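Q: Heads up: the sequence shown begins at -12 in the working numbering, then just goes up one per residue.
Even glycine gets a Cβ: it sits at the ideal position worked out from N, Cα and C.
The structure displayed is predicted, hence computed values, not measured ones.
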Amino acid sequence: MVCTPYLELPKCSVSRKAHAAAPRAFTPTQLAQIYNYPSSQSTTANIVVVSFGGGLFGNLNPNTHVLTNGDCQTLWRQLGITNLPVVKVVGIGGMTNDPQPNDGASIENTLDVSIIGAMCPNSVITLIIAPNTEDGFPMVFTAALNMHPNIISVSWGQPENTVSPQQLQQMNSLFQLIQESGCNIFVASGDAGGNDGESKAMADFPCSSPWVTAVGGTKLTSPSNTWTSQTQEVVWDDNSRSSATGGGFSATFSKPTYQNAALPSGNMRGVPDIALNSAPGTGWIIIFDQSSIVVGGTSCAAPAAAALCGLMSTRTFINPPLYAANQATCFHDVISGTNGPQRAGRGWDACTGLGSPIGVPLKQSIGGGGGGGGGGSGNVTYGISPSSLVLTNTNPRTLTITVSPSGSPIPPVTWTSSNNAVATVNSHGQITAVANGTCQIGMNLTSQVCNVTVRGVSILTTNLSLLTVVPIGQSVSLAVVFTPSNATNQQLSYTSSNPSIATVTSGIVTGVSGGTATITITSTDANHVSTSCNVIVV
-12 MVCTPYLELP KCSVSRKAHA AAPRAFTPTQ LAQIYNYPSS QSTTANIVVV
38 SFGGGLFGNL NPNTHVLTNG DCQTLWRQLG ITNLPVVKVV GIGGMTNDPQ
88 PNDGASIENT LDVSIIGAMC PNSVITLIIA PNTEDGFPMV FTAALNMHPN
138 IISVSWGQPE NTVSPQQLQQ MNSLFQLIQE SGCNIFVASG DAGGNDGESK
188 AMADFPCSSP WVTAVGGTKL TSPSNTWTSQ TQEVVWDDNS RSSATGGGFS
238 ATFSKPTYQN AALPSGNMRG VPDIALNSAP GTGWIIIFDQ SSIVVGGTSC
288 AAPAAAALCG LMSTRTFINP PLYAANQATC FHDVISGTNG PQRAGRGWDA
338 CTGLGSPIGV PLKQSIGGGG GGGGGGSGNV TYGISPSSLV LTNTNPRTLT
388 ITVSPSGSPI PPVTWTSSNN AVATVNSHGQ ITAVANGTCQ IGMNLTSQVC
438 NVTVRGVSIL TTNLSLLTVV PIGQSVSLAV VFTPSNATNQ QLSYTSSNPS
488 IATVTSGIVT GVSGGTATIT ITSTDANHVS TSCNVIVV
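As structure tokens, then:
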């Protein structure tokens, strides 16, 4: 998978040295004010920015990886930020911090870090730079997972149909693993309209994964830099083939449970989930290579959404409470415009999702606290949706918390299963079948339960490291972990896609010669559940 950075420069700013910031553009702090972002958070946000090239200008300490005196710090000081965010730069797969003038990847890196740090100053931001190759994509997310962040921002992607089915499923499993670790992932929806640069309607990946929050783009006009009657927000669509927000429906991933109410028709994952200002003509002012430039694209929207999540101090999957929030009080509904094949309308749409966020009430709704009034707890009641489920395969299902009155805050939640031998439930309300039988899934805020029936399930998908390096002539044992650990069938078979590079016997991989091979692990029962691991032999 080779990715493209999703950023756009206004036509008047192609030469970054020749033009000052456009008068209709905004600084990140002005946009934080317009979107009513909370002013602070209770804990430091640990945010990873994913990159596939370039670097950041500044002084990089080779021992601590901390970058100082760069463009980001200059911007933050100009915006009046005194306690500057900590910035780290880590190269993997042979990559190093290598910023270049007029380099799209370096502009992208600077944009992402600058926006996050300006909108969520109490943060540690780590830029991970990986090679822009098929191996680099799982490599960078595996590295991010090992850093234990609570947020990942991704401004890169490509049309879903250009990614192999195997890698789509492999990466989706990795995103699920990241979410279950308590980390939210925010991904740009693309800048080439509803066709994503293809000949037909097409969603972008990785934003089409149901385990990430897809962020689309709008065109924002706000003369006073606050949300007033003069503020206008429409779908970003300068050219529906080459300069417009991505959005549409996945051809691979089914509609997740949290989208059932918002998308009553259709069976596939819809994107985006939310949207923010992205049009180059009303873009974001940053500093790059010591010059002020204006940048647009959904590359701006994704880190802005990541910053908002950082201000919420949440480590639960944000998508279910986003869709459960009161749309009238928590979002600006964008009802005008198209991105080519998709058209905006009231409620969720495949251009701007639920709309642009209104930070303080959305934080209150999700349960992060802070801000003014609204949603008192005196007469709030909670429930579980749906009230019953029949599971006939090992695909997880996620329950939704209902709340009345709508928009009221949701306190911390604890989920329980009456019989973990039949089905388990994690901290996000995600149910996974274990074996045939019945059980009840409960939640501490209500006496309601979800009655679960499991039929025809005998083994669960295995999870393992998606990238393993093996020296020639040496062996590595694959650490296969069943989820849950009490799956009823744990007998597996192993195959190598290229035994001349790597062989595998009973989970022991031996390097034969230099190259890459895929190890596939398959259950021996009738379900033939499988997963895979890329092996690099060096």
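What is the C-beta distance between residue 385 and residue 372, in whole angstroms, given that I count them as a contact (C-beta under 8 Å)?
A: Rounded, the Cβ-Cβ distance is 10 Å, inconsistent with contact.
Q: Measuring CA to CA, which of 306, 121, 436 and 329 is closest to residue 183?
A: Out of 306, 121, 436 and 329, 329 has the C-alpha closest to the C-alpha of residue 183.
Q: Could you spell out where the beta strand (DSSP E) holding residue 256 opens and where it closes?
A: Residues 255 to 258.
Q: By DSSP, does residue 350 sit in helix, in strand, or in coil?
A: In this structure, residue 350 counts as helix in the three-state DSSP scheme.
Q: From what residue to what residue does the beta strand (DSSP E) around residue 214 run?
A: Element bounds for residue 214: n/a, residue is neither H nor E.
Q: Alpha carbons only, please: which of 427, 43, 69 and 270 is nearest the one belonging to residue 402?
A: The residue with the shortest Cα to Cα distance from residue 402 is 427.
Q: Taking all protein chains shown into account, do 16 or more other C-beta atoms lie within 10 angstroms of the C-beta of residue 506, making it buried, or fewer, making it exposed?
A: Buried: at least 16 other Cβ atoms inside 10 Å.
Q: Relative to the alpha-carbon of residue 486, which residue among 495, 479 and 478 has its alpha-carbon at the smallest distance?
A: If we check each option's Cα against that of residue 486, 495 comes out closest.
Q: Would you tell me roughly how many angstroms separate the C-alpha atoms of residue 338 and residue 208, rounded to the nearest one?
A: Residue 338 and residue 208: Cα-Cα distance of roughly 18 Å.
Q: Is there contact here, the stretch 203 to 223 with the stretch 264 to 275, by at least three beta-carbon pairs under 8 Å?
A: A contact exists between the stretch 203 to 223 and the stretch 264 to 275.
Q: Provide the residue span of the beta strand (DSSP E) that contains residue 527, from first to last.
A: For residue 527 there is no data in the structure shown, the boundaries of the chain being -12 and 525.
Q: Is DSSP giving residue 407 helix, strand or coil here?
A: Residue state, collapsed to three classes: coil.
Q: With distance defined between alpha-carbon atoms, name the residue in 77, 180, 270 and 156 nearest to residue 50.
A: Among 77, 180, 270 and 156, the Cα nearest to that of residue 50 belongs to 77.
Q: In angstroms, rounded to a whole number, what distance separates the CA positions of residue 447 and residue 112?
A: For residue 447, the predicted structure reports a pLDDT of 42, less than 50, and the residue's modelled location is therefore unreliable. The matter cannot be settled from this model.
Q: Only counting runs of 3 or more residues, tell me where the beta strand (DSSP E) segments fall wholly within the stretch 131 to 180, in order along the chain.
A: As far as the stretch 131 to 180 is concerned, its whole beta strand (DSSP E) runs of at least 3 residues are 138 to 141, 143 to 146 and 171 to 175.
Q: Taking Cβ positions, are residue 25 and residue 341 nearer each other than 7 Å?
A: Cβ atoms of residue 25 and residue 341: not closer than 7 Å.
Q: Find out if the Cβ-Cβ distance for the pair residue 127, residue 37 is shorter than 7 Å.
A: Their beta carbons are under 7 Å apart, which means residue 127 touches residue 37 by this criterion.
Q: Pick helix, strand or coil for residue 95, following the three-state DSSP scheme.
A: Helix at residue 95.
Q: Using only the alpha-carbon positions, how far apart do residue 464 and residue 508 sit?
A: Looking at the two C-alpha atoms, the distance is approximately 13 Å.
Q: When DSSP labels each residue in this structure, what does residue 60 get in the three-state scheme?
A: In this structure, residue 60 counts as helix in the three-state DSSP scheme.
Q: As a quick exercise: from 282, 301 and 520, pick the residue whose alpha carbon is nearest that of residue 171.
A: Comparing Cα positions, the closest option is 301.
Q: Could you tell me which residues DSSP pairs with residue 339 in its beta bridges?
A: In the DSSP output, where bridge partners are listed per residue, residue 339 has none listed.
Q: Measure the alpha-carbon distance for residue 435 versus residue 148 and round it to whole angstroms.
A: One C-alpha to the other measures close to 41 Å.
Q: If I follow the unbroken alpha helix (DSSP H) through residue 424, where does it start and stop?
A: Careful: residue 424 lies outside any alpha helix (DSSP H), inside the beta strand (DSSP E) at 424 to 430.
Q: For a quick check, are the C-beta atoms of residue 169 and residue 235 less than 7 Å apart?
A: Result no, Cβ atoms of residue 169 and residue 235 do not sit closer than 7 Å.
Q: Excluding five sequence neighbours on each side, which residues of the same chain lie with their C-beta closer than 6 Å to the C-beta of residue 359?
A: Legend: pLDDT at residue 359 = 32, less than 50; position of this residue unreliable, value from coordinates given subsequently. Around residue 359: no qualifying Cβ.
Q: Could you tell me the alpha carbon to alpha carbon distance between residue 461 and residue 133, rounded to whole angstroms?
A: Between residue 461 and residue 133, the C-alpha separation is close to 24 Å.
Q: Tell me the rounded alpha-carbon separation between residue 281 and residue 173.
A: So the alpha carbons of these two residues sit roughly 22 Å apart.
Q: For the alpha helix (DSSP H) that residue 501 lies in, which residues bound it at each end?
A: Element bounds for residue 501: n/a, residue is neither H nor E.
Q: Is the number of C-beta pairs between the stretch 309 to 321 and the stretch 342 to 349 that are closer than 8 Å three or more?
A: The stretch 309 to 321 vs the stretch 342 to 349: in contact.
Q: Quick one: using the 10 Å Cβ neighbour count with 16 as the cut-off for buried, is residue 81 buried or exposed?
A: Residue 81 comes out exposed.
Q: How would you label residue 135, buried or exposed, when you count the other beta carbons within 10 angstroms and need 16 or more for buried?
A: By the neighbour-count rule (16 or more Cβ atoms within 10 Å), residue 135 is not buried but exposed.
Q: Using the beta-carbon count (16 or more within 10 Å), is residue 365 buried or exposed?
A: In this predicted model, residue 365 has a pLDDT of only 40, less than 50, meaning its place in the structure is not dependable; the value taken from the coordinates is given anyway. When all chains shown are included, residue 365 counts as exposed.
Q: Looking at C-alpha atoms only, which residue of 437, 31, 378 and 312 is the closest neighbour of residue 370?
A: If we check each option's Cα against that of residue 370, 437 comes out closest.
Q: Given a cut-off of 7 Å on the beta-carbon distance, is the pair residue 354 and residue 397 in contact?
A: Taking 7 Å as the Cβ cut-off, residue 354 and residue 397 qualify as a contacting pair.
Q: Could you check the C-alpha separation between residue 536 and residue 291 for me, to the nearest Å?
A: Beyond the ends of the chain as shown, which are -12 and 525, falls residue 536; an answer cannot be given.
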